[in-house]
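For the sequence shown, the residue numbers in full-length UniProt numbering are 1 to 111.
Even for Gly, the Cβ is constructed at its ideal location relative to N, Cα and C.
Below is one structure, written out as structure tokens, with a few remarks after it.
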Amino acid sequence: ALEDAGLQLEDIGVFELHEAFAAQILAVVRLLESDRLSREILGRDRALGAIPMNRLNRWGGSLAIGNPFAPNGARLLTTAAHRLVKEDQEFALVATCAGGALGHGLVLERV
1 ALEDAGLQLE
11 DIGVFELHEA
21 FAAQILAVVR
31 LLESDRLSRE
41 ILGRDRALGA
51 IPMNRLNRWG
61 GSLAIGNPFA
71 PNGARLLTTA
81 AHRLVKEDQE
91 FALVATCAGG
101 ALGHGLVLER
111 V
């Protein structure tokens, strides 16, 4: 989603990532920081970078709020949109996962 939007990780002010399990979100964060894992798993030349922890799920994520499977996408989008306004940011990165190694990501822009 970042590449399609022509953005870098540093451009993102709000991160809303679905955290199905504690280990899952930790693995995602480590993967994005690792050159080796980014090459082997994502097919990237280098790591995407580190997500600033003070921008990640600041209002609580699925672990804190609960993990009702059906409305997770709507909750993530709504929270990201509200955070963009409240925190005076321009871009949000939203990502969710589902069973069977499915995943979705998108960038929201505040206009």
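| Item | Value |
| --- | --- |
| On the CB-based measure, 16 or more other CB atoms within 10 Å of its CB, does Ala27 come out buried or exposed? | exposed |
| So, using beta-carbon positions, are Glu16 and Val94 closer together than 7 Å? | yes |
| Is the separation between the beta-carbon of Val107 and that of Ala5 shorter than 7 Å? | yes |
| Sorted by chain position, which residues of the same chain lie with C-beta nearer than 7 Å to Ala20's C-beta, five sequence neighbours on each side aside? | Ser62, Asn67, Cys97 |
| Hey, residue 142 and Gly13 are a contact pair by Cβ (cut 8 Å); roughly how many whole angstroms apart? | Residue numbering for the chain in the displayed model covers 1 to 111; residue 142 lies beyond these limits and cannot be assessed. |
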